[in-house]
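Chains A and B are the protein sequences, given in the same order. Following our numbering, the numbering of the first sequence begins with 377 at its first residue and continues without gaps. Following our numbering, the numbering of the second sequence begins with 377 at its first residue and continues without gaps. What follows is a single structure, written as structure tokens, with notes after it.
Protein chains: 2
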Amino acid sequence: MNNQIETEAFIQGVISAIQSVSGIGPVALHEPEFDGNEWEYVKECIDSNFVSSVGKYVDKFERSLEEYTGSKHAIAVSNGTSALHISLLLAGVGQGDEVLVPALTFVATANAIVYCGAEPHFVDSEVDSLGIDPEKLRAYLQSSTSLIDGHCRNRISGKVIRAMVPMHTFGHPSRIRELLEVCKEFKITMVEDAAESLGSYYSNQHTGTFGLLGTLSFNGNKTITTGGGGAILTNNSDLAKQAKHLTTTAKVPHKWRYVHDEIGYNYRLPNLNAALGCAQLENIEFKVIRKRRLFELYQEAFESIRGISILREPTGSRSNYWLQSIILDPQMASTRNQILDRSNGMGLSTRPVWDLLSTLKPYKDFPSMDLTQADDLVNRVINIPSSPQLAVVKNEA
Amino acid sequence: MNNQIETEAFIQGVISAIQSVSGIGPVALHEPEFDGNEWEYVKECIDSNFVSSVGKYVDKFERSLEEYTGSKHAIAVSNGTSALHISLLLAGVGQGDEVLVPALTFVATANAIVYCGAEPHFVDSEVDSLGIDPEKLRAYLQSSTSLIDGHCRNRISGKVIRAMVPMHTFGHPSRIRELLEVCKEFKITMVEDAAESLGSYYSNQHTGTFGLLGTLSFNGNKTITTGGGGAILTNNSDLAKQAKHLTTTAKVPHKWRYVHDEIGYNYRLPNLNAALGCAQLENIEFKVIRKRRLFELYQEAFESIRGISILREPTGSRSNYWLQSIILDPQMASTRNQILDRSNGMGLSTRPVWDLLSTLKPYKDFPSMDLTQADDLVNRVINIPSSPQLAVVKNEA
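Written as structure tokens, this is what we have:
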């Protein structure tokens with residue numbers, strides 16, 4: 377910025393534009409909304425005593441997710457992290473492997489890789505979708521890996537790059553078909569992280585259904601919530617069966633015996649939480665419509681402010697606009713922290729994207745490609761209040 | 377048994393005795409009961425939109441658990457397995473270590489050890505408490521381990537035996553003070569698995585508060601339930617802080633930045649589930665009193681049947697009698713499967729103890745001491761319907 381007064385005017389303009397849509401605050405970044413059958417279903421759980429591992433809502437939630445996403449199978453689990461952990465295991469990720477993952481994502485993805493005994497290998501993102509850049513990744517893999525015995529090997533570490541975990545950032549679909557081509561070319565298995573993109577489609581196909589396995593999250597800040605919860609999606613019936621088995625302590629079915637045939641996990645979604653999910657899922661289209669409307673409202677509000685834009689869904693896709701994002705022009709990047717401090721200080725919840733995983737203490741020594749674009753995005757993207765309720769208020773005003 | 381007619385009469389007698397207390401069925405092994413503020417608290421979560429990681433019930437539940445157990449700290453988590461996993465990590469269990477664990481316990485305990493990169497080392501149980509036999513264990517450790525550089529080393533594997541995980545089976549307290557002596561003598565850290573023993577005391581001290589860390593479970597079949605949930609107990613404030621940090625993705629507190637300083641886990645208990653737990657915990661004493669009364673009712677019902685007894689709390693302890701257990705005299709052990717088949721076939725839920733972990737496919741090659749007693753118990757112990765509601769029905773009849 378040329379001087380302090382212009383900077384101050386810019387920051388004030390950004391905050392006013394947010395407030396013109398969200399109200400003056402305090403306002404949350406993303407608040408759930410329970411305006412359907414949530415009470416009824418949850419009360420039925422309590423009244424019937426089925427709140428835990430037995431009960432009809434887990435099945436019902438899984439079948440509803442299958443219907444909504446078009447995935448052949450959905451397996452409800454305790455959260456998005458456990459969904460990723462089990463999906464990676466089922467994709468064959470194990471001790472000594474590497475897994476390609478955006479440096480620009482939530483830490484859970486890298487954690488899940490480490491739980492499998494493998495290492496994250498960080499890759500760069502692109503501006504349009506905030507997802508992995510397929511062309512840049514292809515060039516990198518061409519120059520840094522070799523196909524040996526049918527496996528993609530990192531020439532430096534000598535390790536097998538077993539899987540790729542693309543993520544649909546803030547609900548905006550990555551260029552998933554191009555990424556699938558890269559996977560195919562380099563013999564890498566795709567586990568698709570759709571934690572943020574329930575309700576988002578790429579070429580009319582739901583995100584999370586392109587990879588061998590896909591994952592969803594229903595954390596409290598997501599488009600729909602079960603309190604805490606997640607799901608694994610797959611079209612492979614054998615993997616679906618294994619996913620159910622592994623997430624429920626690997627118990628072999630028997631009327632009374634307790635036999636477990638492998639090392640399993642306690643990752644099941646309680647019936648109580650699934651009940652909430654069933655009610656939430658009934659209203660998801662209504663929520664997504666309002667979240668898409670909210671994008672338009674923000675776009676109007678920011679139209680007259682120079683040096684900033686609102687992130688729009690990539691061409692050929694339909695985004696759920698989970699978190700609305702403003703992108704500062706490069707010359708305005710220096711105002712990021714002031715906008716964040718000022719807005720949060722007045723109760724207007726905003727947040728930057730995550731610190732790049734490759735910069736975090738537990739991950740700074742893992743392999744990485746050049747991350748110029750991701751690094752640039754960290755300094756320029758800010759999420760602003762995104763609850764679907766905000767669009768209703770505006771419409772009714 | 378001398379002949380088929382006597383066997384048949386015995387089996388019929390056992391089933392009739394169960395039914396004289398539980399009713400003719402169908403009846404569950406253990407059903408939760410929601411007769412307090414459950415609906416009020418859960419409804420408040422839904423009405424206030426706080427169902428997930430933010431909300432007052434997680435804090436309230438943790439403080440209530442501290443008050444009830446007398447533990448300085450309680451950290452609510454997603455289930456008993458995750459509580460064990462994190463407790464073992466905090467006890468320093470890691471790659472290449474061994475951990476002493478009863479062969480006679482639920483598989484989750486061994487799984488949690490493997491999640492840490494360590495190996496379970498199976499130990500025998502005693503008849504009175506169904507817990508680890510301290511004298512037999514001491515003799516075993518004397519003959520098979522050496523103290524080298526302050527660590528207990530398995531002479532055969534050469535590995536460090538880092539921790540012991542005693543478990544209070546079916547709510548009956550193990551001889552925990554004697555086990556603590558063994559730990560002290562052999563420089564082994566105790567992580568106390570109190571998953572089944574909320575409401576059980578040894579020498580007037582709550583189980584789960586003797587070890588460096590203790591764990592609880594609130595699964596649907598437990599004395600109180602949160603749908604799915606667990607907790608870590610500890611008197612060490614530094615470990616408590618680390619437990620909270622590790623179970624909530626190791627995020628460093630900041631108003632808007634996303635920095636994680638170690639590899640963490642998503643093991644938090646959602647506020648919705650904690651709300652259920654708060655209401656359940658308010659009524660726990662009432663539940664335990666009825667479960668203790670149920671023991672007396674079964675004892676009366678089985679008084680006249682020879683060849684069988686009801687497991688009674690060990691001397692000097694107060695058991696929550698989570699699962700009532702009948703023990704067949706050795707000469708009646710051959711009737712176990714028939715009793716289980718017959719009762720379950722008629723909707724009267726019964727179950728044997730777990731197959732010994734040392735016999736399960738994923739665990740059969742791990743180190744083990746002689747397991748004669750545990751092996752004998754597997755063939756003779758049967759759990760019978762244990763819901764506190766059963767005692768009320770009887771009282772009111």
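Where is the CB? At the ideal position from N, CA and C, for every residue including glycine. Predicted model only: the values in this text are computed from it and were never measured.
With respect to residue 458 of chain A, residue 603 of chain B sits apart: the two C-beta atoms are not nearer than 9 Å.
By the neighbour-count criterion, in which 16 or more other beta carbons inside 10 Å mark a residue as buried, residue 526 of chain A falls on the exposed side. Identification of residues in the stretch 731 to 747 of chain A having a C-beta nearer than 8 Å to some C-beta of chain B yields 731, 736, 737 and 738, given in sequence order. According to DSSP, residue pairing for residue 694 of chain B in a beta bridge involves B/577.
The secondary-structure analysis by DSSP pairs residue 728 of chain A across a beta bridge with A/758. For residue 599 of chain B, not one C-beta of chain A is nearer than 9 Å to its own C-beta. For residue 486 of chain B, the uninterrupted alpha helix (DSSP H) run begins and ends at 483 to 491, by DSSP. The beta carbons of residue 668 of chain A and residue 701 of chain A sit no closer together than 9 Å. It is roughly 15 Å from the alpha-carbon of residue 380 of chain B to the alpha-carbon of residue 390 of chain B. Boundaries for residue 413 of chain B: no alpha helix (DSSP H) harbours it, and the DSSP string shows neither H nor E there. Nearest CB-CB separation between residue 403 of chain B and chain A: not below the 9 Å threshold.
If you draw a straight line from the Cα of residue 605 of chain B to the Cα of residue 443 of chain A, it comes to about 29 Å. DSSP places residue 478 of chain B within a strand segment (E or B) once states are collapsed to three. DSSP places residue 452 of chain B outside any alpha helix (DSSP H); the residue lies instead in the beta strand (DSSP E), whose first and last residues are 449 to 453.
At a Cβ-Cβ threshold of 9 Å, residue 539 of chain A and residue 476 of chain A count as neighbours. When the five nearest sequence neighbours on each side are left out, the beta carbons in the same chain lying within less than 7 Å of the beta carbon of residue 766 of chain A are those of 397, 398 and 670, in order along the chain. Using a Cβ distance threshold of 9 Å, residue 711 of chain B and residue 761 of chain B do not count as a contacting pair. Residue 484 of chain A and residue 437 of chain A have their C-alpha atoms roughly 24 Å apart. If you keep only unbroken beta strand (DSSP E) runs of at least 3 residues inside the stretch 657 to 686 of chain A, you get 684 to 686. At a cut-off of 9 Å between C-beta atoms, residue 636 of chain A counts as an interface residue with respect to chain B. Nearest neighbour of residue 495 of chain A by Cα position, chosen from A/680, A/683, A/601 and A/740, turns out to be A/740. Residue 462 of chain A places its beta carbon 9 Å or farther from that of residue 626 of chain A. Using a Cβ-Cβ cut-off of 9 Å, residue 570 of chain B does not count as an interface residue toward chain A, since no Cβ of chain A sits closer than that to its own.
Per the coordinates, the alpha-carbon of residue 622 of chain B lies some 17 Å from the alpha-carbon of residue 567 of chain B. Look at residue 632 of chain B: its C-beta is under 9 Å from a C-beta on chain A. Closest option to residue 582 of chain B, judged by alpha-carbon separation, among B/406, B/393, B/460 and B/692: B/692.
In this chain, the beta strand (DSSP E) harbouring residue 530 of chain A covers 527 to 530. Looking at the DSSP output, residue 590 of chain A sits in a beta bridge with A/568 and A/609. Residue 700 of chain A is bridged by DSSP to A/760. Cβ atoms of residue 452 of chain B and residue 650 of chain B come within 8 Å of each other, at about 6 Å. For residue 750 of chain A, not one C-beta of chain B is nearer than 9 Å to its own C-beta.
Using beta-carbon distances, residue 674 of chain B does not count as an interface residue toward chain A, since no partner is under 9 Å. Against residue 698 of chain B, chain A offers no close residue; the least beta-carbon distance is about 15 Å (beta-carbon pairs closer than 9 Å).
Taking a contact to require three or more Cβ pairs closer than 8 Å, the stretch 536 to 550 of chain A and the stretch 420 to 435 of chain A do not qualify as touching.
Cβ-Cβ distances below 7 Å link residue 488 of chain B to 457, 460, 461 and 464 in the same chain, with the five nearest sequence neighbours on each side left out; the list follows chain order. Within 9 Å of the CB of residue 726 of chain A, the CB atoms of chain B belong to 632, in sequence order along the chain.
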